[in-house]
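Student: This is the structure, below, for whatever I ask next.
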Amino acid sequence: MSKTWRRWTAVAALLLVTAGTAVAASLPDFTGIVEKNGPAVVNVQAVITQPGGSLPAGAQGMPPEFFRFFGIPMPQQPGAGEEMSLGSGFIISSDGYILTNNHVVAHASKVTVKLSDRRDYTAKVVGADPSYDIALLKIDARNLPTVSIGDSNTLKAGQWVVAIGSPYGLSHTVTAGIVSAVGRSLAPMNDQPYVPFIQTDVPINRGNSGGPLFNLDGQVVGINSQIFSNSGGYMGLSFAIPINVAMNAVQQLKTKGYVTRGMIGVVVQALSQNLAKSMKLGSESGALVTTIEPGSPAEKAGVHVGDLITAFNGQPVYTSSDLPPMVGLAPIGSTVKLSVLRDGKPLTLDVKIEAAPRNAADLAAVQSRAESGNDLGLVVENITPKQRQQLGLKSDEGVLITSVLSQAAMQAGLQPGDVILMVGQRSVGSAKAFDQALRGYKPGDDVMLLVRRDKITQFVAIPVPKQG
Numbered sequence: 191m192s193k194t195w196r197r198w199t200a201v202a203a204l205l206l207v208t209a210g211t212a213v214a215a216s217l218p219d220f221t222g223i224v225e226k227n228g229p230a231v232v233n234v235q236a237v238i239t240q241p242g243g244s245l246p247a248g249a250q251g252m253p254p255e256f257f258r259f260f261g262i263p264m265p266q267q268p269g270a271g272e273e274m275s276l277g278s279g280f281i282i283s284s285d286g287y288i289l290t291n292n293h294v295v296a297h298a299s300k301v302t303v304k305l306s307d308r309r310d311y312t313a314k315v316v317g318a319d320p321s322y323d324i325a326l327l328k329i330d331a332r333n334l335p336t337v338s339i340g341d342s343n344t345l346k347a348g349q350w351v352v353a354i355g356s357p358y359g360l361s362h363t364v365t366a367g368i369v370s371a372v373g374r375s376l377a378p379m380n381d382q383p384y385v386p387f388i389q390t391d392v393p394i395n396r397g398n399s400g401g402p403l404f405n406l407d408g409q410v411v412g413i414n415s416q417i418f419s420n421s422g423g424y425m426g427l428s429f430a431i432p433i434n435v436a437m438n439a440v441q442q443l444k445t446k447g448y449v450t451r452g453m454i455g456v457v458v459q460a461l462s463q464n465l466a467k468s469m470k471l472g473s474e475s476g477a478l479v480t481t482i483e484p485g486s487p488a489e490k491a492g493v494h495v496g497d498l499i500t501a502f503n504g505q506p507v508y509t510s511s512d513l514p515p516m517v518g519l520a521p522i523g524s525t526v527k528l529s530v531l532r533d534g535k536p537l538t539l540d541v542k543i544e545a546a547p548r549n550a551a552d553l554a555a556v557q558s559r560a561e562s563g564n565d566l567g568l569v570v571e572n573i574t575p576k577q578r579q580q581l582g583l584k585s586d587e588g589v590l591i592t593s594v595l596s597q598a599a600m601q602a603g604l605q606p607g608d609v610i611l612m613v614g615q616r617s618v619g620s621a622k623a624f625d626q627a628l629r630g631y632k633p634g635d636d637v638m639l640l641v642r643r644d645k646i647t648q649f650v651a652i653p654v655p656k657q658g
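Residue 658 is where the sequence shown ends in the numbering used here, and the numbering goes up by one at each step.
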C-alpha cells in the first residue's frame, strides 16, 4: 500500500470518527429527565371484574389493529370472573393524586399503586371518563415526588419525547422517539372522538398504558394510551392523550366527579373530492353540516344544513374529525365564533356552547362505596328533565346508575347508564328516594330492582352483602 493511500485512509477514518462524535453530541441525553421524573412514575395494579367475560369499558367494537394496553393477566387469578391487570401512572400532586387511563382500572374491585421505592398503597378511584380514557386515583400519602405538567398545544411533529412505564410488568422502562403527528383523530376507528391524539414512534407496549410522555424540558405532554398493531406488539405507531385534555378532565373529576363536554348540536361529515367539486371549492378542507338538532345552539345561531364549517373560534377546521375535540373542550356557557361557507360566501356566526348530554359511556364518575350511600355498591344520580325526555321517562320516574362498584351488582349485569325504576314494589324518582328504599333491607336479603336499558325493562335481583 502506497504512503499516499495510507495517508488518505487515515484522513478518512479520522473524518468518520469526527462525524460520529458530532452526531452523538447532537443527540439528546435523557438521563436528567429520567432521574428527575422516574420517582413520580408508578405501577398501577387492578383486580378487574368482567361481567360475563365482556371486554373492559371502551374496548367494545374496537378494530383489532387498535390495542389499548388492558394489562397483563397474572399467573394467579384472584377469583372466578376476575383477572389482574397492570398499567402505569404518574403522580400529579404531592398529596397523592395520580393520573392513569380509565381502561386500566375500569370494573376494578381493588386498585393498588406501587411507588418507585417499593411502597404499596390501596388507591381510591376518584373519577374516570371513558371518552377521554382518563382516570384520577388518590392514595393516602404525603410529600410525594411529582411530575411537571407541560403544554401539549406547543408540541410539533419532529420533537423528541420520552416515555416511562411498565411494559410487560418491567417497571420504570424508558423509551424515546419523536412526535410523528399532532391532533390525530382515530374516529371512527375507536370510541374517542373528543381526543386529538399525539402520534409518536416511541416504543410502548402492554403495561405502558397510563404512563407519562415527556418533552425534552422534562414536562408531561401526554398519557400513553394505545398503539396501532396487527399483532398486539409495538409496530412504530403509538398514541398519547394530550395532557391539556387530561388536566381539563382532572379539574372536573376533582370538583364534581364526572366530565362535561361542550356541544353545539350539529352532525358533520368530511368533504370528498366530488363534494368539493360540486360546491365549487378549491380544497377538501372543512366540516360539512348534515344535521342540526332542534333547539340546539347551532340552530339558534342560524347554522344551516349544507354549511361548511371552516374554523371554530379562530382554529382552522380541516376535516370533520377536527371539530368534536374543539367543541368538547370549549367552556360551557361561552360564546364562540363559527366560521362557515354558505353558497360560497364566508359568514361568522356566534354560537353559545351548551353541555353535551351525558351518555352511558360518559357516566363513569367512579366514587368510593362510602359515597355511594348504599350497600349494593351502586352510585346513582337524579335524571334531568332533558334526559327524561330523551329516555322516554315520566317526570318522576327513575334514577340513573353512574357507577357499579360491587361484584354482586356487576355479576347481575348492571352497568353505568342503566335506569332503576323500582326498588322492590316501590317506585323511585330520585337518588334520595332510591337510598331511602334500600334502608329496609338487611345483609343477606335480596333486593329486586326494575331496570331499564334502552327499550328493554326487566327485574334484577341483587343480594345485600353480609358484614365481615
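Glycine included, every Cβ here is placed at the ideal spot set by N, Cα and C.
Look up M516 in the DSSP assignment and say whether it is helix, strand or coil.
Tutor: helix
Student: Let's see if you can read the secondary structure: which residues bound the beta strand (DSSP E) around F387?
Tutor: 387-390
Student: Tell me which residue opens and which closes the beta strand (DSSP E) that P536 is part of.
Tutor: 535-542
Student: Just mark G582 as buried or exposed, buried being the case when its beta carbon has 16 or more other beta carbons within 10 Å.
Tutor: exposed
Student: My guess is that N572 and V589 are in contact by the Cβ rule of under 8 Å, so how many angstroms apart are they, rounded?
Tutor: Their Cβ separation, rounded to whole angstroms, is 7 Å, which keeps N572 and V589 in contact under 8 Å.
Student: Closest to M612 by C-alpha separation, out of K226, Q597, K576, I591, would be which residue?
Tutor: I591
Student: V316 and L326 - do their beta-carbons sit closer together than 8 Å?
Tutor: yes
Student: Is P358 helix, strand or coil by DSSP?
Tutor: According to the sequence as given, residue 358 is Tyr; it is not Pro. DSSP places Y358 in helix when its eight states are reduced to three.
Student: Closest to V372 by C-alpha separation, out of I388, A436, V364, would be which residue?
Tutor: Answer by Cα proximity: I388.
Student: Under the rule that 16 or more other beta-carbon atoms within 10 Å means buried, what is D319, buried or exposed?
Tutor: buried
Student: Note down, in chain order, each residue of its chain lying with its Cβ closer than 8 Å to the Cβ of G492, except the 5 sequence neighbours on either side.
Tutor: L539
Student: What would DSSP say about K346, mapped onto helix, strand or coil?
Tutor: coil
Student: Note the first and the last residue of the continuous alpha helix (DSSP H) segment covering R578.
Tutor: 575-581
Student: Rounded to a whole number of angstroms, what is the C-alpha to C-alpha distance between S617 and M469?
Tutor: 55 Å
Student: Run the CB neighbour count on Q605, radius 10 Å, all protein chains shown included, and call it buried at 16 or more, exposed below.
Tutor: buried
Student: Tell me the residue span of the alpha helix (DSSP H) that contains P487.
Tutor: First-last of the alpha helix (DSSP H) with P487: 487-491.
Student: What would DSSP say about S399, mapped onto helix, strand or coil?
Tutor: The three-state secondary structure of S399, taken from DSSP, is coil.
Student: Just how far apart, CA to CA, sit A477 and I431?
Tutor: Cα to Cα, A477 sits roughly 23 Å from I431.
Student: What are the start and end residues of the alpha helix (DSSP H) that includes I433?
Tutor: 433-446
Student: What's the gap between the Cα of T509 and the Cα of A545?
Tutor: 23 Å
Student: Applying the 10 Å Cβ sphere with the 16-neighbour rule, what's the burial state of A347?
Tutor: exposed
Student: Which value, in whole angstroms, describes the spacing of the CA atoms of T290 and Y311?
Tutor: 15 Å
Student: For I394, count neighbouring C-beta atoms within 10 Å of its own C-beta (all shown protein chains included) and say buried if the count is 16 or more, exposed if not.
Tutor: buried
Student: So, for S415: in the same chain, excluding its five sequence neighbours on each side, which residues have a beta-carbon less than 7 Å away from its beta-carbon?
Tutor: R258, N291, D323, S399, F429, A430, I431
Student: Would you mind giving the Cβ-Cβ distance between L659 and A353, rounded to the nearest angstrom? I have them listed as a contact below 8 Å.
Tutor: The shown model of the chain, from 191 to 658, leaves out residue 659, and the question about it has no answer.
Student: Go to T450, then tell me how far its beta strand (DSSP E) extends in each direction, as first and last residue.
Tutor: Per DSSP, T450 belongs to no beta strand (DSSP E) and is neither H nor E.
Student: Bridge partners of S593, per DSSP?
Tutor: Partner residues in the beta bridge of S593, as assigned by DSSP, are V569.
Student: For I339 versus W350, is the C-beta spacing smaller than 8 Å?
Tutor: no
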